[in-house]
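For the protein sequence lines, the chains are A and B, in the order given.
The first sequence begins at 1 in our numbering and counts up one residue at a time.
The second sequence begins at 1001 in our numbering and counts up one residue at a time.
Glycine is no exception: its CB is placed at the ideal position from the N, C-alpha and C atoms.
Notes for the one structure printed next.
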Amino acid sequence: MSDQQKPRVPIKAGFFTVPDDPAAAPKFLGTRCESCGEHFFPRRAICAKCLSEKTSEVEMEGRGTLFSYTFVHLPLFGSTNMAHMDGYGVGQIDLPEGPRIQAPLAGKQAEFKIGQQLKAELDVLRQDDSGRDVVIFRFRPVEAAR
Amino acid sequence: MKNVAVLGVGMYRFGMYTDVTNGTMAREAGMMALRDAGLTFKDVNAAYTGHIFASVMSGVRVMKEFGLTGIPIQRIENASATGSAAFREACLAVEAGHYDVVMVLGFDKMTTMIQQSTGGTAPENMEDAILPAAFFALWATRRMHERDMKPEHLARIAAKNFNNGALNPMAQRQAKEHVTVEKVLGSRMVAWPLTAMMSCPIGDGAACAIVGRADLAKKLNPGRPVVKVIASALQSEKYAPGHLFQGPVVGPFQMSIDSSNQVYEEAGIGPEDLDLVQVHDAFAIEELEYYELLGLCKRGEAEACIERGDFELGGRVPFSTDGGLISRGHPGGPTGLAQIWETTLQLRAEADKRQVEKARTGMCHMMGGGSVCVIHLLQRG
Chain A
1 MSDQQKPRVP IKAGFFTVPD DPAAAPKFLG TRCESCGEHF FPRRAICAKC
51 LSEKTSEVEM EGRGTLFSYT FVHLPLFGST NMAHMDGYGV GQIDLPEGPR
101 IQAPLAGKQA EFKIGQQLKA ELDVLRQDDS GRDVVIFRFR PVEAAR
Chain B
1001 MKNVAVLGVG MYRFGMYTDV TNGTMAREAG MMALRDAGLT FKDVNAAYTG
1051 HIFASVMSGV RVMKEFGLTG IPIQRIENAS ATGSAAFREA CLAVEAGHYD
1101 VVMVLGFDKM TTMIQQSTGG TAPENMEDAI LPAAFFALWA TRRMHERDMK
1151 PEHLARIAAK NFNNGALNPM AQRQAKEHVT VEKVLGSRMV AWPLTAMMSC
1201 PIGDGAACAI VGRADLAKKL NPGRPVVKVI ASALQSEKYA PGHLFQGPVV
1251 GPFQMSIDSS NQVYEEAGIG PEDLDLVQVH DAFAIEELEY YELLGLCKRG
1301 EAEACIERGD FELGGRVPFS TDGGLISRGH PGGPTGLAQI WETTLQLRAE
1351 ADKRQVEKAR TGMCHMMGGG SVCVIHLLQR G
């Protein structure tokens, strides 16, 4: 089991928050276009829809609806976590603000259903050279969440 | 496009070659294409090289294999669509009157690329978790949710492509016996519902097309049908709600619809005029969706068409006649040019046991990650 007291760092800065509370869901660092209102993830400077440069950074809640899923029968890329060795789910998730994102799923294939509600959580991929936990986000079906 | 023809084609069979260099594979494919055209390298006015994994300078260095004549050489890269995109630049240059004869040369060594990779121990970001197989499996799961598709439909496409590949001496994966739906379904699960046999292999290889003025084709080979390039389209992504910005993805379905409509309009024909089609069947679910997106059947009818055998050799419009990416292989840079090789042979009635009867018009469709869609229409003149 991972030690939740260890400092946690995101695998790459600028994509999601790592809350101090280990039980709190991460938030997504996105962009809102001030001209047309479209939301984007990841962040971008120019609106892909209306090409406006008037964009602002927003945080989006770590939840969404499952659009599609699969289960990959390979160890999770870059992970040294034994829980990831037997494969992992991958989904396309529609965030309430609009963006569709792709991310690993937490849970077994039989737990995934298109249209179900999902909640984001952080998961330890490995430790870095300073002994900190390197975390990614995954989405877990809400009904299966503990 | 009115004045462009494929003058010659050549290939170095796709496969896993630890001891063969890009230079050797490219030279053999290129010399085969020149001989096929009835030309020598002295006749070539310009070259476009297509390679994804080869290092900086590889294009001009590999071209030295043919001799040093001072011609302009340009590298074109567009992921899986690299060879197709290089072919397009050659066609545009000939059509515009800049050159009479252009060599388009694709080569790659995925085996070397994999030896040099980190083995997955140091990914920079989460996008690396979305493997191409996973990305296309997401298409398949969604299709099963919306339509009557079952894994058996995907297995039937893959089995067809393996069996077509067995008729192509240049195919990388050549099945020794007839491949059944059950065999495809029973192969290793990669990303549900895609199995290993529903997925293209990695490989090495080279392919070459000599593109030139259409009037030269008849002069060079008087007894042979002229294969003209009658339309070319390349499109990148257009934004629509639900657009995916992450991962090694190919873009929205709309790209294939719009690009095919563009070539149909340019050539003044419709999907009903096609005799054979090559597509980016890196995974069997792709070929299924392209049946509909390229207009070869109505939306929602792909499953019924598969059950009828519409897209098999001898069917209404054969797809992936050379085995497609799944069987013929997909080294990267040369893949799109292998489609040109196959379509050219088919339109000249030189495709031997996999010949499509009375083939007059063929489509070559490629997707390149990032992403782009590239489509060419070839027609016997």
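What residue range does the alpha helix (DSSP H) around B:A1090 cover? On the second sequence, residue 1090 of chain B is found 90 positions in, with the first residue counted as 1. Counting along the chain, the alpha helix (DSSP H) containing B:A1090 begins and ends at 1082–1095.
So, for B:G949: in the same chain, excluding its five sequence neighbours on each side, which residues have a beta-carbon less than 6 Å away from its beta-carbon? It is not possible to answer for residue 949 of chain B, since the shown part of chain B is limited to 1001 through 1381.
Leaving out the 5 sequence neighbours to the left and right, which residues in its chain are closer than 6 Å to B:A1079 when beta-carbon positions are compared? Within the second sequence, numbered from 1, the residue matching residue 1079 of chain B stands at position 79. If we look at B:A1079 and ignore the five residues flanking it on each side, its Cβ neighbours are G1368, G1369, G1370.
Using a 10 Å radius around the Cβ and a threshold of 16 neighbouring Cβ atoms, would you call A:I46 buried or exposed? Position 46 of the first sequence, counting from 1, holds the residue named residue 46 of chain A. Classification for A:I46: exposed.
In terms of residues, what are the limits of the alpha helix (DSSP H) holding B:C1305? Here the question's residue 1305 of chain B lines up with position 305 in the second sequence. That run of the alpha helix (DSSP H) goes 1302–1308.
Contact criterion: CB-CB distance below 8 Å. Does A:I136 meet it with respect to chain B? On the first sequence, residue 136 of chain A is found 136 positions in, with the first residue counted as 1. A:I136 counts as touching chain B.
Give a yes or no on whether 8 Å exceeds the smallest Cβ distance from B:G1119 to chain A. The residue given as residue 1119 of chain B occupies position 119 in the second sequence. Low confidence applies here, because B:G1119 scores a pLDDT of 45, under 50, leaving its location unreliable; read the following figure in that light. Not an interface residue.
Check each candidate in A:S68, A:L95, A:V124, A:L105 and name the one with the smallest Cα separation from A:T31. In the first sequence, counting from the first residue as 1, residue 31 of chain A sits at position 31. For A:T31, the nearest C-alpha among the options comes from A:L95.
Can you tell me which residues form a DSSP beta bridge with A:K119? Counting from one through the first sequence, the residue named residue 119 of chain A turns up at place 119. The partner list for A:K119 (beta bridge, DSSP) reads A:R63, A:R140.
Restricting to Cα atoms, I'd like to know which of B:G1205, B:V1227, B:E1272 is closest to B:D1215. Residue numbering aside, residue 1215 of chain B sits at position 215 when the second sequence is read from its first letter. Comparing Cα-Cα distances from B:D1215 to each of B:G1205, B:V1227, B:E1272, the minimum goes to B:V1227.
Against chain B: residues of the stretch 59–73 of chain A by CB proximity under 9 Å: F67, S68, Y69, T70, F71, V72, H73
Would you mind listing the beta strand (DSSP E) stretches within the stretch 34–61 of chain A that are 3+ residues and don't spill past its ends, in chain order? 55–60
Would DSSP call B:A1122 helix, strand or coil? Sequence index remark: in the second sequence, residue 1122 of chain B carries index 122 (1-based). Unreliable positioning characterises B:A1122 in this predicted model, as indicated by a pLDDT of 47, which lies under 50. The coordinate reading is nonetheless provided below. B:A1122: coil per DSSP, three-state reduction.
Residues of the stretch 94–109 of chain A with Cβ closer than 9 Å to any Cβ of chain B, in chain order: D94, G98, P99, R100, I101, Q102, A103, P104, Q109
According to the neighbour-count rule (16 or more other Cβ atoms, all chains shown, within 10 Å of its Cβ), is B:C1305 buried or exposed? Looking up residue 1305 of chain B in the second sequence gives position 305. Buried is the call here.
Contact set for A:P141: own chain, Cβ-Cβ below 7 Å, skip 5 residues either direction: Position 141 of the first sequence, counted from the start, is the residue given in the question as residue 141 of chain A. Counting only Cβ-Cβ distances below 7 Å, and skipping sequence neighbours, we find G107, E111, F112, Q116, L118.
Would you mind giving the Cβ-Cβ distance between B:Y1264 and B:V1279, rounded to the nearest angstrom? I have them listed as a contact below 8 Å. Sequence index remark: in the second sequence, residue 1264 of chain B carries index 264 (1-based). Sequence index remark: in the second sequence, residue 1279 of chain B carries index 279 (1-based). Not really, about 15 Å apart at Cβ, beyond 8 Å.
Start and end of the beta strand (DSSP E) containing B:V1211? Stepping through the second sequence from its first residue, residue 1211 of chain B is reached at position 211. B:V1211 -> beta strand (DSSP E) spans 1204–1213.
Cβ separation of B:R1173 and B:S1327, assumed to be a contact under 8 Å, to the nearest whole Å: In the second sequence, counting from the first residue as 1, residue 1173 of chain B sits at position 173. In the second sequence, counting from the first residue as 1, residue 1327 of chain B sits at position 327. B:R1173 to B:S1327, Cβ: 5 Å. Contact.
Is it true that the CB of B:L1274 sits closer than 8 Å to the CB of B:V1317? Reading the second sequence from its first residue, position 317 is the one you call residue 1317 of chain B. Reading the second sequence from its first residue, position 274 is the one you call residue 1274 of chain B. Cβ distance < 8 Å, so B:V1317 and B:L1274 count as in contact.
Taking only three categories from DSSP, how would you classify B:G1038? Within the second sequence, the letter at position 38 stands for residue 1038 of chain B. In the structure shown, B:G1038 sits in coil (DSSP, three-state: anything other than H, G, I, E or B).
Start-to-end residues for the beta strand (DSSP E) that takes in B:L1276: As a first step, residue 1276 of chain B must be located in the second sequence, where it is residue number 276. Looking at the DSSP string, the run of the beta strand (DSSP E) that includes B:L1276 is 1276–1278.
Can you tell me whether A:C36 is buried or exposed, with buried defined as 16 or more other CB within 10 angstroms of its CB? Translated into positions along the first sequence, residue 36 of chain A becomes position 36. When all chains shown are included, A:C36 counts as exposed.
Residue range of the beta strand (DSSP E) that includes B:Q1379: Start at 1 with the first residue of the second sequence, and residue 1379 of chain B comes out as number 379. Element bounds for B:Q1379: 1372–1380.
To the nearest angstrom, how far is it from the Cα of B:I1202 to the Cα of A:S130? Walking along the second sequence from the start, residue 1202 of chain B turns up at place 202. Walking along the first sequence from the start, residue 130 of chain A turns up at place 130. So the alpha carbons of these two residues sit roughly 37 Å apart.
B:Y1239 touches chain A at which residues, Cβ-Cβ below 7 Å? Locating residue 1239 of chain B in the second sequence gives position 239, counting from the first residue. In chain order: A48, K49.
If we count the other Cβ atoms within 10 Å of its Cβ and call it buried at 16 or more, is B:R1156 buried or exposed? As a first step, residue 1156 of chain B is located in the second sequence; it is residue number 156 there, counting from the start. Looking at its Cβ environment, which holds 16 or more other Cβ atoms inside 10 Å, B:R1156 is buried.
Could you give the DSSP three-state label for B:N1022: helix, strand or coil? Along the second sequence, one-based indexing puts residue 1022 of chain B at 22. Note: B:N1022 maps to helix in three-state DSSP.
Residue-chain proximity (A:V9, chain B), Cβ-Cβ < 8 Å: Reading the first sequence from its first residue, position 9 is the one you call residue 9 of chain A. So no, A:V9 is outside the interface.
Please state if the CB of B:P1271 and the CB of B:L949 are separated by a distance shorter than 8 Å. Residue 949 of chain B lies beyond the range of chain B shown here (1001 to 1381); nothing can be said about it.
Just verifying my parser: in three-state terms, what is the DSSP assignment at B:R1173? Looking up residue 1173 of chain B in the second sequence gives position 173. DSSP places B:R1173 in coil when its eight states are reduced to three.
Hey, does B:A1282 have any beta-carbon neighbour from chain A nearer than 8 Å? Locating residue 1282 of chain B in the second sequence gives position 282, counting from the first residue. Not closer than 8 Å to any Cβ of chain A, the Cβ of B:A1282 fails to qualify, so no.
For B:I1340, collect the residues of the same chain with a Cβ closer than 7 Å to its Cβ; drop the 5 residues on either side in sequence, then sort them by chain order. Residue mapping note: residue 1340 of chain B aligns to position 340 of the second sequence, counting from 1. Excluding sequence neighbours, B:I1340 sits near V1006, V1009, F1087, A1209, C1364.
Just mark B:V1190 as buried or exposed, buried being the case when its beta carbon has 16 or more other beta carbons within 10 Å. Against the second sequence, residue 1190 of chain B aligns to sequence position 190. Buried, by the Cβ-count rule.
Could you pull the DSSP bridge partners for A:D94 from this structure? Locating residue 94 of chain A in the first sequence gives position 94, counting from the first residue. Paired residue(s): A:T65, A:R100.
On the DSSP bridge list, what partners appear for A:Q109? Counted from its first residue, the first sequence places residue 109 of chain A at position 109. The partner list for A:Q109 (beta bridge, DSSP) is empty, contrary to what the question assumes.
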